[in-house]
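Colleague: Have a look at this one before I ask anything.
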Amino acid sequence: MNDWAENAIGKIRQKQENERLKAAKLAEQQRIRKAHGTLRWDQVRAKVRALVAALKEKSGGTDILVIQNDQPTEMVVRNQVGGGQLLHMAFDLETTKLSWTCGDEARDGWEISVTETGGAEFVWGRGIPASIDSIATQMLEALLEI
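Number 153 marks the last residue of the sequence shown (the numbering used here); no jumps.
This is how it looks when you write it as structure tokens:
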């Protein structure tokens, strides 16, 4: 009977330790996502600004796209030549998700995921990594309908 009780206590303690380690790992991943998420979102916004400026330059100074709102958690771009359609991007600091709509259509977004090296990157779908460039160009191409 003593062996059984000792064995049961050992299993209970191991289970509690595993749960504690799992909770600590999840907390650390959330901390990393929040710490790196804002930086990645700022990089997306910077890339969108750069692409809008490049399009204006290549068009001879015509404002094809205009940034209407550029805030810490959201950005809005208007297509001046495509009927005024809007691209709305929003970054949720808590969930570390980047969502977007183009016109009236909500699109699949991206979320921050912790990499094996302890960094963070945007991913979509089932964890497929997405570069800053690909995110910015995908959204702007949807706005331009190209």
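Yeah, the Cβ is synthetic: ideal placement off N, Cα and C, and Gly gets one too.
Would you list the residues sitting across from W117 in a DSSP beta bridge?
Modeller: Walking along the sequence shown from the start, residue 117 turns up at place 110. According to DSSP, which records beta bridges pairwise, W117 is partnered with L105.
Colleague: Where V55 and Q92 are concerned, what is the direct C-alpha to C-alpha distance, given to the nearest angstrom?
Modeller: Against the sequence shown, residue 55 aligns to sequence position 48. Against the sequence shown, residue 92 aligns to sequence position 85. Distance between the alpha carbons of V55 and Q92: 16 angstroms.
Colleague: Can you tell me which of the three DSSP states V55 falls into?
Modeller: What you label residue 55 is simply residue 48 of the sequence shown in a count that begins at 1. In the structure shown, V55 sits in a helix (DSSP, three-state: H, G or I).
Colleague: Can you give the beta carbon distance from V73 to V84, rounded, assuming they're within the 8 angstroms contact cut?
Modeller: Translated into the one-based positions of the sequence shown, residue 73 becomes position 66. Translated into the one-based positions of the sequence shown, residue 84 becomes position 77. About 7 angstroms separates the two Cβ atoms, so the contact holds.
Colleague: Report all residues from its chain with a CB closer than 7 angstroms to the CB of Q23; omit the five preceding and five following residues, and keep chain order.
Modeller: The count along the sequence shown starts at 1 and reaches residue 23 at position 16. If we look at Q23 and ignore the five residues flanking it on each side, it has no Cβ neighbours.
Colleague: Residues in its own chain within less than 6 angstroms of K75 by CB, not counting five upstream and five downstream?
Modeller: One-based indexing of the sequence shown puts residue 75 at position 68. Correcting the residue type first, residue 75 is Gln in the shown sequence and not Lys. Excluding sequence neighbours, Q75 sits near V83 and R85.
Colleague: Does the CB of D77 have a neighbour CB from chain C at under 7 angstroms?
Modeller: Among the protein chains of the structure shown there is no chain C, as only one such chain exists.
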